[in-house]
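**Q**
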Amino acid sequence: SGELRVQGLGRGGNEPQGTEIRTPGTTSATTLTTVNGNLVLRGASTATGVTDQGVLFELLGSASTTGSGNVDVVGRGGGTGGGIGVHLLSGSSVSTTGGGDLSLTGFGSDSGTRGNNEGVKVDGSVVEVQSGAGADLNITGTGGESHTRRFRPGARVRLRFTHVCVFAYHGHPHRRRRP
Numbered sequence: 060s061g062e063l064r065v066q067g068l069g070r071g072g073n074e075p076q077g078t079e080i081r082t083p084g085t086t087s088a089t090t091l092t093t094v095n096g097n098l099v100l101r102g103a104s105t106a107t108g109v110t111d112q113g114v115l116f117e118l119l120g121s122a123s124t125t126g127s128g129n130v131d132v133v134g135r136g137g138g139t140g141g142g143i144g145v146h147l148l149s150g151s152s153v154s155t156t157g158g159g160d161l162s163l164t165g166f167g168s169d170s171g172t173r174g175n176n177e178g179v180k181v182d183g184s185v186v187e188v189q190s191g192a193g194a195d196l197n198i199t200g201t202g203g204e205s206h207t208r209r210f211r212p213g214a215r216v217r218l219r220f221t222h223v224c225v226f227a228y229h230g231h232p233h234r235r236r237r238p
């Protein structure tokens with residue numbers, strides 16, 4: 060029932076992620092889970108290459124809490140392009156199932172000379188809160204700089220194969236769609 064905290068800093072070259080939750084080359088998922096405890100993920104990339112993401116969930120990587128725990132993810136991208144703060148793709152998921160809040164906060168790279176420096180990007184993944192009354196889902200992103208001015212929104216949710224919702228035990232699911 061204690062807190063699980065993961066912090067990472069990516070440095071040098073291309074693709075150094077701050078914190079990376081992924082499952083390469085297998086069909087079983089890499090999962091971080093707590094029961095009645097908070098799950099806190101922090102990641103930043105100070106690299107100068109491309110695809111330098113703060114927190115990356117990929118290839119069935121997931122984070123979840125059951126019971127009263129919250130999930131709090133904060134990431135800061137780096138590099139010249141693809142410096143996404145928090146990125147979920149390829150079947151990844153982040154969820155709470157027992158009344159906890161879920162928060163994704165991301166900051167895109169400020170040193171971008173290319174595009175795709177989104178704060179938070181959810182693509183082909185699940186972000187879900189299943190709870191009783193009072194649990195919150197927050198997605199907050201700040202897009203980074205890009206001299207090409209392409210794809211630098213604060214938060215980007217691509218709805219193809221993506222599921223973002225809040226469930227109440229006695230209500231109907233509500234979808235929150237963000238541009």
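Add 59 to the 1-based position in the sequence shown for the working numbering, that's all there is to it. The beta-carbon is built from N, C-alpha and C at its ideal position, and this holds for glycine as well.
(1) Report buried or exposed for GLU187, applying the criterion of at least 16 other Cβ atoms within 10 angstroms of its Cβ.
(2) Please report how far the alpha carbon of THR155 lies from the alpha carbon of THR124, in whole angstroms.
(3) Please report the straight-line C-alpha distance between VAL109 and THR93, rounded to a whole angstrom.
(4) To the nearest angstrom, report how far apart GLU204 and SER170 are at their CA atoms.
(5) Assuming ALA122 and LEU148 are in contact, meaning their beta carbons sit under 8 Å apart, how far apart are those beta carbons, in whole angstroms?
(6) Is GLY178 closer than 9 Å to VAL128 when the C-beta atoms are compared?
(7) Mapping DSSP to helix, strand and coil, what is ARG70?
(8) Take the Cβ of GLY167 as the centre, count every other Cβ of all protein chains shown within 10 Å, and call the residue buried at 16 or more, exposed below.
(9) What distance in whole Å lies between the Cβ atoms of GLY144 and ASP111, which are believed to be in contact at a cut-off of 8 Å?
(10) In its own chain, which residues sit with a C-beta less than 6 Å from the C-beta of SER162, not counting the 5 before and 5 after it?
**A** In short, the structure shows the following:
(1) Answer is buried; the Cβ neighbour count reaches 16.
(2) Straight through space, the alpha carbons of THR124 and THR155 are spaced by roughly 5 Å.
(3) For VAL109 and THR93, the distance between alpha carbons rounds to 33 Å.
(4) When rounded, the distance between both Cα atoms is 6 Å.
(5) Between LEU148 and ALA122 the Cβ distance is about 14 Å, and since that is not below 8 Å, they are no contact.
(6) Strictly speaking, residue 128 in this sequence is Gly, with Val absent from that position. Pairing GLY128 with GLY178 gives a Cβ-Cβ distance that is not under 9 Å.
(7) In the three-state reduction of the DSSP assignment, ARG70 falls in the coil class.
(8) Taking a 10 Å sphere around the C-beta of GLY167, we find 16 or more other C-beta atoms and assign the residue as buried.
(9) Under the criterion of beta carbons closer than 8 Å, ASP111 and GLY144 do not qualify as touching, at roughly 11 Å.
(10) Result list for SER162: ASP131, ASN197, in chain order.
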